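For reference, the structure is listed below as structure tokens.
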Amino acid sequence: MTSSLATPAISYRLLRRAVGAYGDEVLAHLGSLFLRAAVLARMHIRDGNIYEPDPSLIEPDAQRLRVRLRSLWREALELPAGAGSVFRELQHAELSPSAASGRLDWNDALSMARMSVALRPNDPHARIALFINLFRNSNLREAAAQLSAIRMPEQYGPVLHARVLWNRAGPVEYEGDTKSAVALLRRCLELDPTNPSYRRDYLAYALASGHEETALRALSCVRSVSGPHVITEDVKSFLQREQAPVTRMLGRNQDLMRSLNRALDRRPAAAMI
Numbered sequence: 522m523t524s525s526l527a528t529p530a531i532s533y534r535l536l537r538r539a540v541g542a543y544g545d546e547v548l549a550h551l552g553s554l555f556l557r558a559a560v561l562a563r564m565h566i567r568d569g570n571i572y573e574p575d576p577s578l579i580e581p582d583a584q585r586l587r588v589r590l591r592s593l594w595r596e597a598l599e600l601p602a603g604a605g606s607v608f609r610e611l612q613h614a615e616l617s618p619s620a621a622s623g624r625l626d627w628n629d630a631l632s633m634a635r636m637s638v639a640l641r642p643n644d645p646h647a648r649i650a651l652f653i654n655l656f657r658n659s660n661l662r663e664a665a666a667q668l669s670a671i672r673m674p675e676q677y678g679p680v681l682h683a684r685v686l687w688n689r690a691g692p693v694e695y696e697g698d699t700k701s702a703v704a705l706l707r708r709c710l711e712l713d714p715t716n717p718s719y720r721r722d723y724l725a726y727a728l729a730s731g732h733e734e735t736a737l738r739a740l741s742c743v744r745s746v747s748g749p750h751v752i753t754e755d756v757k758s759f760l761q762r763e764q765a766p767v768t769r770m771l772g773r774n775q776d777l778m779r780s781l782n783r784a785l786d787r788r789p790a791a792a793m794i
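Structure, rendered in structure tokens:
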């Protein structure tokens, strides 16, 4: 399968030249449907990882989505001026063999995300969807390239900007740079302070740093935007995750554990950490 960073970009430019305004609209719409299909497929993968896509991308009617995608796919194959054949080459490059031959595997989130990026290379949501699937498949280099391809994320507004930074924090933390991951999540909260996922992960990375000052700063920051009751639930939900490494870290760091409990206004007998 060809990488979405090479031949498909050329194929996309060929398509743009061949299809005209109407065909361009068809392909862009098809790319958005592939994006939604990729999100649905990823949501059904049970690999132990948390997946929290943008709610606006979650299709409520999977069957209707599939009907629309098949219909538009057939229309793309019949585009005039040779565009249909160019599109056919593109789908063979991006989709799995069964999908490229006309039998879509609705569980193949990676192929659908690749196709979405091939048809909508400037769509940050498509890049994020492909990043997630590549990262979960341990293709770290190509995954990182997807986020790097999102130029000037601030131009898309604070909410989407925060989502891009949130996804960047994952590989950063994975590579062991917890300090940078904490900084990215802190910026996410500044951009979108009500997002519970950013609160949770900011606390998670801050706690994982093992530094009392970093952890307490995170607690203070999250409390300032969500209040003490929400912050308690955020910490609890993180610490109760199966095999949370931070739980073991806190067990070894009694000073940090006591500081966190004091910051949460918990009585010693009722301390949850």
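According to our numbering, the residues represented by the sequence shown are 522 to 794, in order.
Beta carbons are placed, not taken as given, at the ideal position from N, Cα and C, and that holds for glycine.
All values reported here derive from a predicted model rather than from experimental measurement.
**Request:** Using beta-carbon positions only, say whether residue 593 and residue 551 come within less than 9 Å of one another.
**Result:** yes
**Prompt:** Relative to the C-alpha of residue 735, which residue among 716, 709, 702, 569 is closest?
**Reply:** If we check each option's Cα against that of residue 735, 702 comes out closest.
**Request:** Specify the secondary structure class of residue 683 as computed by DSSP and reduced to three states.
**Result:** helix
**Request:** Give the C-beta separation of residue 645 and residue 692 to the nearest angstrom, bearing in mind that I take them to be a contact with Cβ-Cβ under 8 Å.
**Result:** The pair is not a contact, with the Cβ atoms about 17 Å apart (cut-off 8 Å).
**Request:** Please work out which residues of its chain come closer than 8 Å, Cβ to Cβ, to residue 776, disregarding the five sequence neighbours upstream and downstream, and give them in chain order.
**Result:** Cβ-Cβ distances below 8 Å link residue 776 to 733 in the same chain, with the five nearest sequence neighbours on each side left out; the list follows chain order.
**Asked** Does the separation of the CB atoms of residue 561 and residue 583 fall below 9 Å?
**Response** yes
**Asked** If we count the other Cβ atoms within 10 Å of its Cβ and call it buried at 16 or more, is residue 690 buried or exposed?
**Response** buried
**Message:** Measuring only the C-alpha atoms, how far is residue 763 from residue 547?
**Reply:** The pLDDT assigned to residue 763 is 46, lower than 50, so where the model puts this residue is not dependable; a value taken from the coordinates is nonetheless given after this. Approximately 44 Å, taken between the alpha carbons.
**Message:** Can you list, in chain order, the residues of its chain with a C-beta nearer than 8 Å to that of residue 568? Leave out the 5 residues immediately preceding and following it.
**Reply:** Within the same chain, residue 568 has close Cβ partners 657.
**Item:** Reduced DSSP secondary structure (H/G/I, E/B, other) of residue 642
**Value:** coil
**Prompt:** So, is residue 695 buried or exposed, given that buried needs 16 or more other C-beta atoms within 10 angstroms?
**Reply:** exposed
**Request:** Please confirm whether residue 799 and residue 633 have their CB atoms less than 9 Å apart.
**Result:** Nothing about residue 799 can be read from this structure; the chain reaches only from 522 to 794.
**Item:** First through last residue of the alpha helix (DSSP H) which encompasses residue 712
**Value:** 699-712
**Message:** Buried or exposed, going by whether 16 or more other CB atoms sit within 10 Å of the CB of residue 672?
**Reply:** exposed
**Prompt:** Can you list, in chain order, the residues of its chain whose CB lies under 7 Å from that of residue 566, leaving out five sequence neighbours each side?
**Reply:** Closer than 7 Å at Cβ, skipping near neighbours: 630.
**Item:** DSSP state of residue 763 mapped onto helix, strand, coil
**Value:** With a pLDDT of 46 at residue 763, under the threshold of 50, the predicted position of this residue should be treated as unreliable, though the coordinate-derived value follows. Residue 763: coil per DSSP, three-state reduction.
**Prompt:** residue 575 and residue 684 look like a contact to me (Cβ under 8 Å); what is the Cβ gap, rounded to whole Å?
**Reply:** 7 Å
**Asked** residue 598: which of 591, 609, 588, 589 sits nearest, CA to CA?
**Response** 609
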